[in-house]
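Q: Counting along the sequence shown from 1, when you hit position 161 you're at 182 in my numbering, and nothing is skipped either side. We put the CB at the ideal spot given by N, CA and C, even for glycine.
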Amino acid sequence: MIQLIRGFKDILPGEVALWQHIERTAVGLFAAFGFDEIRVPIMEKTELFARGIGEDTDIVEKEMYTLDDRGGEKLTLRPEATASIVRAYIQHKLYADDPLRKFYTIGPMFRRERPQKGRYRQFYQIDVEAFGMAGPFIDAQMIYMLHLFFQRLGVSRTQAHLNSLGCPVCRPRFREALAALLNKVEDRLCADCRRRQARNPLRVLDCKVPACREAVADAPAIVDYLCEDCRQHFQSVTENLTQLGVPFELDRRLVRGLDYYTRTTFEIQTDVLGAQSAVAGGGRYDGLVETLGGPATPAIGFAVGFDRLVEVLGQSLKIENPKPALFIAALGETARRKAFYWCAELAAAGIYVEMEHADKSLKSQMKRADRLGAARVLIVGDAELASGQANLRDMATKAQAEVVLAGLVDALKQQSIV
Ligand code: ATP
Ligand code: MG
């Protein structure tokens, strides 16, 4: 038997209701904040991610699914959505009418990581991006929206972690201080970090290897190196969050794995997922639109790890698939044909109804109705068709009522029996 690919998974019908519930909650909330849905392809030119995410990030270095198109072009299954949305923003000049644009997208991402709980090779993100706003309001507003999102879903035990990554004005000075520290502790770092040390020292702070974490415990913090503009921006974000009642924690160690992040950076963490504690992450990326060939445009975004959110919520929230309002137990060919038409009419009226298609005993049909969790069962055989009346059984109370078969569908709809 052919099995699915390692690190990929099926989301089975019993699980999908929760995914839909989360999506509905997201869509409703995002609309109230003026975010429009955008759908971008799941494959792009490799170069877009190499430039947009950064050559020396884990994602580009070792996690991308890249293939040679038959025409000789290199294509990559998207590892995240930001680069694609920025490309679309530039390509379609979405800034032309109004440079202030807000988007969200929901869909699969692909990264070739080591599969484990909360970490898959195809996973889903709810991705939100806002363009054209340089001031600190949008930062606080987006973190507030994310906070509301988790609150509405009833996700408890989450905590927002917040840091500022500075900007091209103040980061170089921090980089130098960090590089000096890294030189000192070099022999305690993992092989990856030794490589990162020269090319992208900030990423050493992001390493999950315990020895590396210890080695950089006394590393300088970027917030101590912020320029005046960055400092004010960050202060305003934290003040606005406090005003909005969003709990957060300043996290001097928080850096993002991606090169294009500037200023505000944040992560939502939870303690219920073990090692994969981040359920959402994001931040400002004021330089990316220009880097990818668009007009200089400040921007900020976040991505929620949909799979991890489902895992957190699935522990407390059970959302069932809808159950049939009615099961028609038909006995004999004539009754079955009648049932077939009633089912068609009821379903067309938006009422979920089931019937047995094969010639089965009443007992077996009742069993199936029970297994499906049908609210009521209508029992129809030749005798009922002759008398024009049939028995309607309430499966919960066991109460029975006689219903007239002529005009059954209308009667059921009117009496809101189904
Ligand atoms: P991590 O540090 O956990 O690898 P990341 O920094 O790579 O996360 P981002 O690129 O910021 O993650 O993606 C945002 C969110 O997407 C993460 O917070 C996480 O919830 C989720 N995510 C990232 N990679 C995976 C994966 N391989 N499987 C499932 N969810 C993921
Ligand atoms: Mg990662």
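1. Taking one C-beta from the region 96 to 112 and one from the region 65 to 73 each time, how about it: are there three or more such pairs within less than 8 Å?
2. Please indicate yes or no: does the CB of F170 lie closer than 7 Å to some heavy atom of ligand 1?
3. How is V281 classed by DSSP in three states: helix, strand or coil?
4. Indicate the three-state DSSP secondary structure (helix, strand or coil) for M154 in the structure shown.
5. Report the rounded CA-to-CA distance for V176 versus V430, giving the unit in angstroms.
6. With a CB to CB cut of under 8 Å and the five nearest residues on each side skipped, what residues in its chain are close to V425?
7. What I want to know is whether the C-beta of F144 ends up closer than 7 Å to one or more non-hydrogen atoms of ligand 1.
8. Go through its chain and collect everything with a Cβ distance to M387's Cβ below 8 Å, but skip five positions before and after it.
9. Are R277 and T286 closer than 8 Å when you measure CB to CB?
10. Using 10 angstroms around the beta-carbon of F361, count the other beta-carbons present and answer buried if the total reaches 16, otherwise exposed.
11. Tell me the rounded alpha-carbon separation between L367 and P345.
12. Of all the options G308, A407, A240, Q24, which has the alpha carbon lying nearest to the alpha carbon of A427?
13. Evaluate contact between the region 142 to 150 and the region 335 to 343, counting only Cβ atoms and requiring at least three cross-stretch pairs below 8 Å.
14. Hey, V401 and K434: beta-carbon distance below 8 Å or not?
15. For my contact list, L88 and K66 are in at a C-beta cut-off of 8 Å; report their separation, rounded to the angstrom.
16. For P25 and R132, I'd like the C-alpha separation in whole angstroms.
17. Which whole-angstrom value describes the C-beta separation of R135 and F29, a residue pair presumed to lie in contact below a C-beta threshold of 8 Å?
18. Indicate the three-state DSSP secondary structure (helix, strand or coil) for L115 in the structure shown.
19. Quick check on the DSSP output: what are the complete beta strand (DSSP E) runs of length 3 or more inside the region 54 to 101, in order along the chain?
20. Pick helix, strand or coil for E377, following the three-state DSSP scheme.
21. With DSSP run on the structure shown, which of helix, strand or coil describes G35?
22. How would you label L271, buried or exposed, when you count the other beta carbons within 10 angstroms and need 16 or more for buried?
23. Is R27 near ligand 1, with its Cβ less than 7 Å from a heavy atom?
24. Should the region 176 to 186 be called in touch with the region 287 to 297, which here means at least 3 C-beta pairs below 8 Å?
25. Look up E270 in the DSSP assignment and say whether it is helix, strand or coil.
26. Label K123 either buried or exposed according to how many other C-beta atoms from any shown protein chain fall within 10 Å of its C-beta, with 16 as the threshold for buried.
27. Quick one: what's got a C-beta closer than 6 Å to D307's C-beta in the same chain, skipping five residues either side?
28. Following a CB-centred definition, is D79 positioned closer than 7 Å to any heavy atom of ligand 2?
29. Is any heavy atom of ligand 1 found at a distance shorter than 7 Å from the C-beta of G326?
30. Quick check: is any heavy atom of ligand 1 less than 7 Å from the C-beta of V398?
31. Enumerate in chain order the residues of its own chain whose CB-to-CB distance from R329 is below 7 Å, with the five nearest sequence positions on each side excluded.
32. Which one of V310, Y125, S385, R216 has the shortest CA to CA distance from I59?
33. Compare the C-alpha of A240 against each of A161, Q218, Q162 and name the closest.
34. Looking at the structure shown, is F29 part of a helix, part of a strand, or coil, going by DSSP?
35. Which whole-angstrom value is the C-beta distance of V206 and A236, which I expect to be below 8 Å?
A: Taking the structure as given:
1. Segments in contact, yes.
2. Position 149 of the sequence shown, counting from 1, holds the residue named residue 170. Not so, every heavy atom of ligand 1 lies at least 7 Å from the Cβ.
3. Locating residue 281 in the sequence shown gives position 260, where the first residue counts as 1. At residue 281 the sequence reads Tyr, which differs from the Val that was named. The three-state reading of DSSP puts Y281 in coil, since its state is none of H, G, I, E or B.
4. Within the sequence shown, numbered from 1, the residue matching residue 154 stands at position 133. DSSP, reduced to helix, strand and coil, places M154 outside both helices and strands of the structure shown, so it counts as coil.
5. As a first step, residue 176 must be located in the sequence shown, where it is residue number 155. As a first step, residue 430 must be located in the sequence shown, where it is residue number 409. Rounded to whole angstroms, the separation of the alpha carbons of V430 and V176 is 42 Å.
6. Taking the first residue of the sequence shown as position 1, residue 425 is located at position 404. Cβ-Cβ distances below 8 Å link V425 to G409, Q410, A432 in the same chain, with the five nearest sequence neighbours on each side left out; the list follows chain order.
7. As a position in the sequence shown, residue 144 is number 123, starting the count at 1. When distances are taken from the beta-carbon of F144 to the heavy atoms of ligand 1, the shortest one is below 7 Å.
8. Here residue 387 refers to the residue found at position 366 when the sequence shown is read from its first residue. A350, V398.
9. Along the sequence shown, one-based indexing puts residue 277 at 256. Along the sequence shown, one-based indexing puts residue 286 at 265. Remark: C-beta atoms of R277 and T286 approach each other more closely than 8 Å.
10. Locating residue 361 in the sequence shown gives position 340, counting from the first residue. Classification of F361: exposed, given that the 10 Å Cβ count is below 16.
11. Taking the first residue of the sequence shown as 1, we reach residue 367 at position 346. Taking the first residue of the sequence shown as 1, we reach residue 345 at position 324. Rounded to whole angstroms, the separation of the alpha carbons of P345 and L367 is 11 Å.
12. Counting from 1 along the sequence shown, the entry for residue 427 is found at position 406. Nearest neighbour of A427 by Cα position, chosen from G308, A407, A240, Q24, turns out to be A407.
13. In short, these stretches do not touch, since the Cβ pair count stays below three.
14. In the sequence shown, counting from the first residue as 1, residue 401 sits at position 380. In the sequence shown, counting from the first residue as 1, residue 434 sits at position 413. In this structure, V401 keeps its C-beta atom at 8 Å or more from the C-beta atom of K434.
15. Taking the sequence shown and counting its residues from 1, the one referred to as residue 88 is at position 67. Taking the sequence shown and counting its residues from 1, the one referred to as residue 66 is at position 45. That belief does not hold up - the Cβ atoms of L88 and K66 are roughly 12 Å apart, past 8 Å.
16. As a first step, residue 25 is located in the sequence shown; it is residue number 4 there, counting from the start. As a first step, residue 132 is located in the sequence shown; it is residue number 111 there, counting from the start. A small fix is needed here, since residue 25 is Leu in this sequence, not Pro. Those two C-alpha atoms are separated by around 16 Å.
17. Counting from 1 along the sequence shown, the entry for residue 135 is found at position 114. Counting from 1 along the sequence shown, the entry for residue 29 is found at position 8. Going by Cβ atoms, the distance from R135 to F29 rounds to 14 Å, so no, they are not a contact pair.
18. If you number the sequence shown from 1, residue 115 lands on position 94. In the structure shown, L115 sits in coil (DSSP, three-state: anything other than H, G, I, E or B).
19. Under the rule that a run must span 3 or more residues, the beta strand (DSSP E) segments found entirely inside the region 54 to 101 read 64 to 66, 86 to 89, 95 to 98.
20. For the purposes of this step, residue 377 is taken as the residue at position 356 of the sequence shown. Here E377 carries a coil assignment [DSSP, helix/strand/coil].
21. Counted from its first residue, the sequence shown places residue 35 at position 14. Under the three-state reduction of DSSP, G35 is assigned to helix.
22. Against the sequence shown, residue 271 aligns to sequence position 250. It is exposed - the Cβ of L271 has fewer than 16 other Cβ atoms within 10 Å.
23. The residue labelled residue 27 in the question sits at position 6 within the sequence shown. Answer for R27: no, Cβ out of range of ligand 1.
24. These segments touch.
25. By 1-based counting over the sequence shown, the position of residue 270 is 249. When DSSP states are grouped into helix, strand and coil, E270 belongs to the strand group.
26. Here the question's residue 123 lines up with position 102 in the sequence shown. K123 sits buried, since 16 or more C-beta atoms from the chains shown fall within 10 Å of its C-beta.
27. Here the question's residue 307 lines up with position 286 in the sequence shown. Excluding sequence neighbours, D307 sits near T283, P319.
28. The count along the sequence shown starts at 1 and reaches residue 79 at position 58. It does: the Cβ of D79 is within 7 Å (strictly closer) of some heavy atom of ligand 2.
29. On the sequence shown, position 305 is the one that residue 326 refers to. Within the cutoff, so yes.
30. As a position in the sequence shown, residue 398 is number 377, starting the count at 1. Relative to the non-hydrogen atoms of ligand 1, the Cβ of V398 never comes closer than 7 Å to any of them.
31. Working through the sequence shown from its first residue, we reach residue 329 at position 308. These residues qualify, in order along the chain: G139, L294, Q297, V300.
32. Position 38 of the sequence shown, counting from 1, holds the residue named residue 59. Among V310, Y125, S385, R216, the Cα nearest to that of I59 is on Y125.
33. Looking up residue 240 in the sequence shown gives position 219. Ranking the options by Cα distance to A240, first place goes to Q218.
34. Looking up residue 29 in the sequence shown gives position 8. Of the three classes helix, strand and coil, the one that applies to F29 here is coil, per DSSP.
35. Numbered from its first residue, the sequence shown carries residue 206 at position 185. Numbered from its first residue, the sequence shown carries residue 236 at position 215. Right, the Cβ-Cβ distance comes to about 4 Å (below 8 Å), so this counts as a contact.
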